[in-house]
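Below is one structure, written out as structure tokens, with a few remarks after it.
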């Protein structure tokens, strides 16, 4: 099945790329989620427009990503208060990427999408200091220390 990607798909391609995938993957995953459209003659013409827009965004995006990196790494302390399960430091729930994005904003940093926040594991389940990575751009990543404090 020949498709045109409308969003960035890991291990497959970037928006505007024409890819050949197995029928089930395209029909059951890419198309229902809006990650791709069927490659037709009309859609092929739209690919050029998508690529031009993507390239224009990428140039502006790199400079903007560097500014966001400086803002995030310049934060003095990013802390998040959570409920703990006793004195051991374990949490009742877990700290997710959405919680971290909210903590960055609360600390005076920029608004960050939760999908670009990469936690040390899938989520944080203990109090203490944790290194968190924010992937702002394919070439720009910001690292900061998140202090998880029990309440």
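Residue numbers (full-length UniProt numbering): 1 to 151.
Ideal placement from N, C-alpha and C gives every residue a C-beta, glycine not left out.
In this text, all values refer to a predicted model and were calculated from it rather than measured experimentally.
Less than 9 angstroms separating the beta-carbons of residue i and residue j?
i           : j          : result
residue 68  : residue 30 : no
residue 125 : residue 81 : no
Going straight from the alpha carbon of residue i to that of residue j, what length do you get?
i           : j           : result
residue 96  : residue 35  : 24 angstroms
residue 11  : residue 73  : 29 angstroms
residue 132 : residue 46  : 38 angstroms
residue 78  : residue 146 : 5 angstroms
residue 41  : residue 32  : 21 angstroms
residue 105 : residue 116 : 14 angstroms
residue 134 : residue 19  : 28 angstroms
Per DSSP, what are the beta-bridge partners of residue i in this structure?
i           : result
residue 92  : Note: residue 92 sits in no beta bridge, so no partner.
residue 126 : 90
Could you spell out the range, first to last residue, of the alpha helix (DSSP H) harbouring residue i?
i           : result
residue 150 : Per DSSP, residue 150 belongs to no alpha helix (DSSP H); it is in the beta strand (DSSP E), 140-150.
Can you find a C-beta in chain B that's less than 9 angstroms from the C-beta of residue i?
i           : result
residue 140 : The chain inventory of the structure shown lacks chain B, comprising one protein chain alone.
In the DSSP assignment, find the unbroken beta strand (DSSP E) run with residue i in it and report its ends.
i           : result
residue 100 : Segment 97-106 is the alpha helix (DSSP H) holding residue 100; no beta strand (DSSP E) there.
Beta strand (DSSP E) segments (min. 3 residues) lying fully within the region 8-62
As summarised for the region 8-62, the continuous beta strand (DSSP E) elements at least 3 residues long and confined to that stretch are 18-20 and 36-38, given in chain order.
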